[in-house]
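Novice: Following this message is one structure expressed as structure tokens.
In mature numbering (1 follows the signal peptide of the UniProt record, and there is no 0), the protein residues as written are -23 to -1, 1 to 204.
If you want it as structure tokens, here you go:
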């Protein structure tokens, strides 16, 4: 075999391996929204972003590719770095609907960069670039106004306790799909409504019934804390 041909084959093999490693298929997305009152009412620190205190509303945590067996791909393409210039037209909406509460106070870019590098790069196999990935999550939040759905069912962020089944039923009726509920525990050891998982098809455009619901460690009655 000629040396040039040998080099070409090796380069082709490396390229194929790269594609296999970093263009992973997945089965569905988890679209996760977080209640800020529960995030802040725990042992870890909570800081408002530089844009100011977020509205008392569910904020996006992430749009995460997942497999039906419960595992998930992550950090799929180390060469696809977060580029804030690609989402410049989305920043004001992201500050409102995808705020950061981590400390120290920041502008959200570190949070969004983490979400893209860990999760968003695994959605590139579905031809979602950075702008499309973040915009898809913002559109999904508009489709599922969880606070309005819960408020319409008489479930409000007023520090009161509500049946977990009632929360699930309200969201199921409001969206047409069964949610996954994740709870945390406050200083008084009370179970609080923390995160709500909805499942989305691989195009990141339509809600679907979850192939697998996360285990949320919730009590039968959970507190909906104020924010």
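No residue lacks a Cβ here, since even glycine has one placed at the ideal position from N, Cα and C. It should be emphasised that the depicted structure is a prediction, and the values quoted were computed from it without experimental measurement.
With which residues is residue 140 paired in a DSSP beta bridge?
Specialist: According to DSSP, residue 140 bridges with 198.
Novice: Applying the 10 Å Cβ sphere with the 16-neighbour rule, what's the burial state of residue 60?
Specialist: By the neighbour-count rule (16 or more Cβ atoms within 10 Å), residue 60 is not buried but exposed.
Novice: In the stretch 9 to 66, which residue ranges form an unbroken beta strand (DSSP E) of at least 3 residues, counting only runs that do not cross its ends?
Specialist: Fully enclosed beta strand (DSSP E) runs of 3 or longer: 36 to 43.
Novice: Which class does residue 170 belong to by DSSP, given the choice of helix, strand or coil?
Specialist: The answer is strand: DSSP assigns residue 170 an E or B state.
Novice: Using three-state DSSP, classify residue 111 as helix, strand or coil.
Specialist: In this structure, residue 111 counts as helix in the three-state DSSP scheme.
Novice: Are the Cβ atoms of residue 105 and residue 58 separated by less than 8 Å?
Specialist: Result no, Cβ atoms of residue 105 and residue 58 do not sit closer than 8 Å.
Novice: Tell me the rounded alpha-carbon separation between residue 10 and residue 32.
Specialist: The alpha-carbon atoms of residue 10 and residue 32 are separated by roughly 14 Å.
Novice: Between residue 28 and residue 72, is the Cβ-Cβ spacing less than 8 Å?
Specialist: Contact: yes.
Novice: Helix, strand or coil for residue 99? Go by DSSP, reduced to three states.
Specialist: Note: residue 99 maps to helix in three-state DSSP.
Novice: Does the contact criterion of 3 or more C-beta pairs under 8 Å hold for the stretch 87 to 103 versus the stretch 117 to 127?
Specialist: Taking 8 Å as the limit for Cβ pairs, the verdict is that the stretch 117 to 127 does not touch the stretch 87 to 103.
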